[in-house]
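Read the structure below first, then the notes.
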Amino acid sequence: MSAQTEPLTTDRTASPTSFPVTGMSCASCAASVESILSKVEGVRSVSVNYANTTAQVDFDPARISAEELRNAVQAVGYDLIIDVEDPDTLQEELREEAYQTIRQRTLWAAVLTVPVVVIGMFYMDWEAGRWISLLLSAVVLFWFGRHFFEGAYRQARHGVANMDTLVALSTGIAYLFSAFNTVYPAFWLSRGLEPHVYFETATVIIVFISLGKLLEERAKSNTSSAIKKLIGLQPNTVHALVDGKEVELPISEVTVGQTLIVRPGEKIPVDGKVSEGESFVDESMITGEPVPVRKAEGAEVFAGTVNQRGSFRLTAEKVGSTTLLASIIRLVREAQGSKAPVQKLVDRIAGVFVPAVLGIAVVTFIVWMLLGGEEAFSHALLASVAVLVIACPCALGLATPTAIMVGIGKGAENNILIKDAESLELGKRVNAIVLDKTGTITVGRPEVTDEHWSPEAKVNELKSILLAAESRSEHPLARAIADRLEAEGIPAAPVTEFESLTGRGVSVVHAGTTYRVGNERLMRENGLTLSAGLADQASHLRDAARTVVFVANEVEVLGLLAISDRVKESSAAAIRNLQQRGVEVYMLTGDNAQTAAAVAREVGLTEYRAEVMPSDKADFVKDLQQRGKVVAMVGDGINDSQALATADVSIAMGHGSDIAMDVAKMTLITSDLQAIPKALELSKLTVQGIRQNLFWAFIYNLIGIPIAAGVLYPINGFLLDPMIAGAAMALSSVSVVTNSLRLRMRNIG
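The sequence shown begins at 1 in the UniProt record's numbering and counts up by one.
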């Protein structure tokens with residue numbers, strides 16, 4: 001691919017409607033909501049995202065209403081938020097309420113579980129202890145853990161099962177079996193069997209699973225912050241001309257064709273064209289470029305960009321939902337609500353595992369009742385309970401979170417902040433990386449990179465005059481020069497008759513002599529020619545995509561300075577490292593083709609596109625995905641937020657905008673791009689850990705369930721005691737946690 005300067009087109013067709021969903025407790029809940037909505041007549045497509053609890057529904061309003069969609073979802077125990085003025089705020093409030101509820105449940109369940117565990121481990125023969133455990137366990141299960149039973153009942157009403165089902169059955173049966181043994185131990189003693197109780201098993205399961213849900217809710221609680229910050233870029237009120245008078249209006253009342261007034265420092269409220277005045281506008285949220293752009297009469301301006309020192313009037317052309325900012329908000333919202341290419345591995349496995357375990361338990365009971373002889377019922381009950389207890393999802397629930405928690409900690413040690421498991425699952429599969437230029441490959445701010453002076457120049461004196469001139473200029477590049485000179489400790493010379501020459505530079509008078517600072521056009525207009533040496537230097541610097549500023553007196557050009565956004569020292573090595581890993585690396589930038597080509601050359605890239613808008617970046621990511629690539633996007637600006645939200649793995653630079661960091665699933669708290677290959681290696685090791693954990697979580701089940709069901713009884717008379725089944729379950733959990741901790745000692749580069 002060569003440099004591309006033609007902006008890509010963006011599809012402006014109507015988007016699916018996004019509805020916040022309440023009541024979902026796991027990924028299978030999202031599947032249930034999606035299934036029921038997809039069956040509603042008039043719905044063309046639907047995608048339910050459990051991570052941010054939204055449903056993207058493409059439906060025909062002429063055939064089905066939002067209220068009817070809500071009724072369909074309510075029938076399976078969930079709800080849609082519709083007809084609310086601010087659904088995002090309501091959803092956030094409900095999410096915070098849910099988090100606090102789960103937090104309280106988990107805390108109190110843990111408090112009550114501690115004495116149950118102590119009694120079960122150290123005072124198992126204490127008669128009164130069994131009754132204490134019975135009462136405490138009842139509170140843990142049927143009050144603080146009642147949502148598991150409610151969820152299981154709700155799913156059972158519609159003929160489906162999820163993790164709630166297995167939790168409710170295993171803990172419920174273990175409790176009821178233990179309660180029976182506590183109230184009527186003579187039943188087993190008369191048959192020569194010990195009446196064991198498993199209260200601690202039931203309560204610990206509830207606490208562990210509740211803790212996992214608590215961590216999950218905490219991670220989900222911040223999903224709307226990026227959208228809120230994007231919305232905050234638009235001012236609430238504007239200054240408009242109405243009948244020749246300036247009035248203040250709510251942004252919602254602005255109409256196309258209206259004249260608006262934008263003062264220094266204000267955010268531009270709508271998309272339009274400058275009708276009077278001029279200024280410099282910070283468009284970094286659109287282009288990602290740090291240098292503000294000069295806007296004169298007829299120039300386009302965009303909502304959310306920030307006016308600098310000048311004042312101007314603009315004619316509104318796009319307002320409300322049609323502005324570029326509104327488009328960015330919509331696309332980010334859609335990308336965040338869309339389904340990830342890889343769903344949670346545990347939920348997929350659980351979808352098969354849960355009904356399989358239930359089936360095995362039922363079959364076990366029936367077979368023992370038919371073939372068990374005199375002890376048929378006791379053996380059938382014990383074997384069935386053992387199957388359910390050994391198949392407890394405790395280790396399954398720990399398999400992913402423990403690996404992720406250790407992986408996140410390992411990442412933090414290496415300046416990589418990771419938000420969720422999905423990024424770690426996908427990172428190892430990334431085979432294409434899209435890099436923003438400004439602030440990612442480059443430093444992200446204009447700096448003086450070169451200076452050259454003629455032999456006749458009195459450099460220190462010229463620098464003092466230059467500082468005096470540039471410190472008075474409003475031009476963004478002037479600040480870079482002033483910063484450089486101030487850092488050198490150069491004092492500002494006394495100057496008079498300062499004049500700003502729009503689009504060319506400035507002139508000042510010092511000690512009766514006029515000095516000019518600006519571009520080559522300003523030099524030519526005043527008949528000032530460059531020496532051969534300075535002309536060669538200027539040509540060389542332009543080829544390297546530097547901006548050249550000349551310094552001259554009334555007679556000749558005395559020197560020049562070059563300004564550029566410098567490439568980071570680590571960029572070339574990091575890109576080479578990624579390419580050696582077999583990853584395709586692309587650069588996208590809103591900058592011009594010449595600058596893009598120079599930067600690409602410097603870092604060893606041949607694949608790049610220049611002069612791209614935010615939607616172009618997102619479209620480019622989608623194009624790579626359609627070609628079968630797993631794409632990581634690395635950026636630091638608001639202009640990157642669409643592409644970050646669209647990519648499979650999104651990585652933000654920590655010094656960038658808050659919105660980029662909110663949208664991204666990973667944030668690098670270092671400017672060193674070598675953290676990117678480290679992040680991919682960390683993903684690889686973490687996914688290995690997750691898979692190993694799942695192996696340990698299931699190996700006991702694969703071996704233990706048949707033994708618990710009694711397959712060894714005809715051979716050697718061995719029937720697995722539920723207590724041993726509980727110990728095997730606990731051992732699987734210990735194995736999972738221990739294996740996860742091994743990642744802390746691994747080297748990621």
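Ideal Cβ positions, reconstructed from N, Cα and C, are used throughout, including at glycine.
*When burial is assigned at 16 or more other CB atoms within 10 Å of the CB, is Asp60 buried or exposed?*
Here residue 60 is taken as the residue at index 60 of the sequence shown, counted from 1. So Asp60 ends up on the exposed side.
_Between the CA atoms of Ile490 and Asn460 - distance to the nearest angstrom_ = Within the sequence shown, residue 460 is the residue found at index 460, counting from 1. Within the sequence shown, residue 490 is the residue found at index 490, counting from 1. Distance between the alpha carbons of Asn460 and Ile490: 8 Å.
*Tell me whether Thr667 is buried or exposed, calling it buried when 16 or more other Cβ atoms sit within 10 Å of its Cβ.*
Here residue 667 refers to the residue found at position 667 of the sequence shown. Classification of Thr667: buried, given that the 10 Å Cβ count is 16 or more.
*Using the rule of at least 16 other Cβ atoms within 10 Å of the residue's Cβ for burial, across every protein chain shown, is Tyr184 buried or exposed?*
Here residue 184 refers to the residue found at position 184 of the sequence shown. Under this definition Tyr184 is an exposed residue.
*What's the call for Arg105, buried or exposed, on a 16-neighbour Cβ count within 10 Å?*
Your numbering for residue 105 matches position 105 in the sequence shown. Buried, by the Cβ-count rule.
*Sort out for me which residues DSSP pairs Val293 with in a bridge.*
Your numbering for residue 293 matches position 293 in the sequence shown. According to DSSP, Val293 bridges with Val281.
*Take Val17 and list the residues in its own chain whose beta-carbon comes closer than 6 Å to its own, dropping the five residues that flank it on each side.*
As a first step, residue 17 must be located in the sequence shown, where it is residue number 17. In the sequence under discussion, the amino acid at residue 17 is Thr, which differs from the Val named in the question. Excluding residues within five positions, the ones whose Cβ falls inside 6 Å are Val57.
*asked:* With a threshold of 6 Å on Cβ separation, who are the neighbours of Val649 within its own chain once the five nearest residues in sequence on each side are excluded?
replied: Within the sequence shown, residue 649 is the residue found at index 649, counting from 1. Result list for Val649: Ser423, Leu426, Gly427, Val430, Ala632, in chain order.
*Can you check whether the CB of Gly533 is closer than 9 Å to the CB of Leu522?*
Your numbering for residue 522 matches position 522 in the sequence shown. Your numbering for residue 533 matches position 533 in the sequence shown. Going by C-beta atoms, Leu522 is not nearer than 9 Å to Gly533.
*Nearest neighbour of Ala468, chosen from Glu486, Arg691, Ser210 [CA to CA]*: In the sequence shown, the residue the question calls residue 468 occupies position 468. Comparing Cα-Cα distances from Ala468 to each of Glu486, Arg691, Ser210, the minimum goes to Glu486.
*What is the DSSP secondary structure of Glu488, counted as helix, strand or coil?*
Here residue 488 refers to the residue found at position 488 when the sequence shown is read from its first residue. Here Glu488 sits in coil by DSSP.
_With H, G and I counted as helix, E and B as strand and the rest as coil, what does DSSP make of Val342?_
Working through the sequence shown from its first residue, we reach residue 342 at position 342. With a pLDDT of only 34 at Val342, under 50, the local geometry of the prediction cannot be trusted, and no value is derived from it.
_Whole angstroms are fine: how far does the CA of Asp450 sit from the CA of Gly272?_
To locate residue 272, count along the sequence shown from 1; it is residue 272. To locate residue 450, count along the sequence shown from 1; it is residue 450. So the alpha carbons of these two residues sit roughly 38 Å apart.
*Beta-bridge pairing of Tyr123 - partner residues as DSSP gives them*: Taking the first residue of the sequence shown as 1, we reach residue 123 at position 123. Answer by DSSP bridge pairing: none, since Tyr123 is not bridged.
_Could you compute how far the alpha carbon of Leu169 sits from the alpha carbon of Lys665?_
Translated into positions along the sequence shown, residue 169 becomes position 169. Translated into positions along the sequence shown, residue 665 becomes position 665. The alpha-carbon atoms of Leu169 and Lys665 are separated by roughly 36 Å.
*Okay, do the stretch 110-123 and the stretch 191-204 touch, 3+ Cβ pairs below 8 Å being the bar?*
yes
_Run through the DSSP bridge pairs and tell me what Ser507 is partnered with._
Numbered from its first residue, the sequence shown carries residue 507 at position 507. Ser507 pairs with Glu499, Arg516.
*What residue does the alpha helix (DSSP H) around residue 762 start on, and which one ends it?*
No answer is possible for residue 762: the residues shown for the chain start at 1 and end at 749.
*Of all the options Arg44, Val293, Val48, which has the alpha carbon lying nearest to the alpha carbon of Ser32?*
Counted from its first residue, the sequence shown places residue 32 at position 32. Nearest of Arg44, Val293, Val48 to Ser32, Cα basis: Val48.
*Would you mind reading off the limits of the alpha helix (DSSP H) that contains His147?*
The residue labelled residue 147 in the question sits at position 147 within the sequence shown. Start and end: 146-157.
_Please report the straight-line C-alpha distance between Val301 and Arg581, rounded to a whole angstrom._
Position 301 of the sequence shown, counted from the start, is the residue given in the question as residue 301. Position 581 of the sequence shown, counted from the start, is the residue given in the question as residue 581. If you take the alpha carbons of Val301 and Arg581, they lie about 42 Å apart.
*Could you check how far apart the C-beta atoms of Leu136 and Leu107 are, in whole angstroms? I think they sit under 8 Å.*
By one-based count along the sequence shown, residue 136 stands at place 136. By one-based count along the sequence shown, residue 107 stands at place 107. Not really, about 15 Å apart at Cβ, beyond 8 Å.
*In the DSSP assignment, find the beta strand (DSSP E) that holds Ile651 and state where it starts and stops.*
Residue mapping note: residue 651 aligns to position 651 of the sequence shown, counting from 1. Looking at the DSSP string, the run of the beta strand (DSSP E) that includes Ile651 is 649-653.
*Length of the line joining the Cα atoms of Lys339 and Pro677*: Taking the first residue of the sequence shown as 1, we reach residue 339 at position 339. Taking the first residue of the sequence shown as 1, we reach residue 677 at position 677. Annotation note: pLDDT 40 at Lys339 (below 50); position unreliable, coordinate value reported separately. Their Cα atoms are separated by approximately 26 Å.
_Mapping the DSSP letters down to three states, classify Ala313 as helix, strand or coil._
The residue you call residue 313 lines up with position 313 of the sequence shown. One detail in the question is off: residue 313 reads as Arg in this sequence, not Ala. In this structure, Arg313 counts as strand in the three-state DSSP scheme.
_Cβ-Cβ distance between Thr606 and Ala598 below 9 Å_ = On the sequence shown, residue 606 is found 606 positions in, with the first residue counted as 1. On the sequence shown, residue 598 is found 598 positions in, with the first residue counted as 1. No, Cβ-Cβ distance for Thr606 and Ala598 is not below 9 Å.
*asked:* Would Glu268 and Ala303 be called neighbours here (beta carbons separated by less than 9 Å)?
replied: Within the sequence shown, residue 268 is the residue found at index 268, counting from 1. Within the sequence shown, residue 303 is the residue found at index 303, counting from 1. Per the sequence shown, the amino acid found at residue 268 is Ile instead of Glu. Yes. Within cutoff.
*How far does the alpha helix (DSSP H) with Ala645 in it reach, from first residue to last?*
Taking the first residue of the sequence shown as position 1, residue 645 is located at position 645. Per DSSP, Ala645 belongs to the alpha helix (DSSP H) from 641-646.
_According to DSSP, simplified to helix, strand and coil, what is Phe302?_
Taking the first residue of the sequence shown as 1, we reach residue 302 at position 302. Here Phe302 sits in coil by DSSP.
*Given a cut-off of 9 Å, decide if Val197 and Arg130 are closer than it, judged by their beta-carbon atoms.*
What you label residue 130 is simply residue 130 of the sequence shown in a count that begins at 1. What you label residue 197 is simply residue 197 of the sequence shown in a count that begins at 1. Yes; because the gap between Cβ atoms is below 9 Å, this pair is in contact.
*Inter-residue Cα distance where the pair is Glu127 and Ala647*: Indexing the sequence shown from 1 puts residue 127 at position 127. Indexing the sequence shown from 1 puts residue 647 at position 647. Cα to Cα, the separation comes out at about 60 Å.
*Which same chain residues, not among the five before or five after Glu470, have their C-beta less than 6 Å away from its C-beta?*
Within the sequence shown, the letter at position 470 stands for residue 470. Ala478, Ile481, Ala482.
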